[in-house]
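Engineer:
In my numbering, the protein residues as written are 1 to 107.
1) Under 8 Å between the Cβ atoms of residue 57 and residue 63?
2) Within its chain, find whatever has a CB closer than 6 Å to the CB of residue 35; leave out the 5 residues flanking it on each side and keep chain order.
3) Where does residue 29 sit, in a helix, a strand or coil, going by DSSP?
4) What separation, rounded to the nearest whole angstrom, lies between the Cα atoms of residue 79 and residue 26?
5) Can you give me the C-alpha to C-alpha distance between residue 81 and residue 29, rounded to a whole angstrom?
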């Protein structure tokens, strides 16, 4: 499905940026807001999805033709996880032990 594939847009010198730290959560919230009911029937869901797809196509075209300006955002900050957290093990707990349920099963 070519409409949802945006991998080639960066080649055209178009910068793509997420509006939140978790784009999937943001889109889920957006889509839930445009669906008129919490449990729509198939026709309503398909109609809403079609309208959303048309809007995405329009935004892609606007971005390609520079009619829509991509907002500027701060660079992401990647935190380094300390080694003591990565290698942490509970003292006295064997993580390789089988559960009671697994031990009770016979082969």
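For each residue, glycine too, the CB sits at the ideal point set by N, CA and C.
Structural biologist: According to the data block:
1) Taking the chain shown and counting its residues from 1, the one referred to as residue 57 is at position 57. Taking the chain shown and counting its residues from 1, the one referred to as residue 63 is at position 63. Taking 8 Å as the Cβ cut-off, residue 57 and residue 63 do not qualify as a contacting pair.
2) Stepping through the chain shown from its first residue, residue 35 is reached at position 35. Contacts found: 48.
3) If you number the chain shown from 1, residue 29 lands on position 29. In the structure shown, residue 29 sits in a helix (DSSP, three-state: H, G or I).
4) In the chain shown, counting from the first residue as 1, residue 79 sits at position 79. In the chain shown, counting from the first residue as 1, residue 26 sits at position 26. Looking at the two C-alpha atoms, the distance is approximately 22 Å.
5) Counting from one through the chain shown, the residue named residue 81 turns up at place 81. Counting from one through the chain shown, the residue named residue 29 turns up at place 29. Residue 81 and residue 29: Cα-Cα distance of roughly 30 Å.
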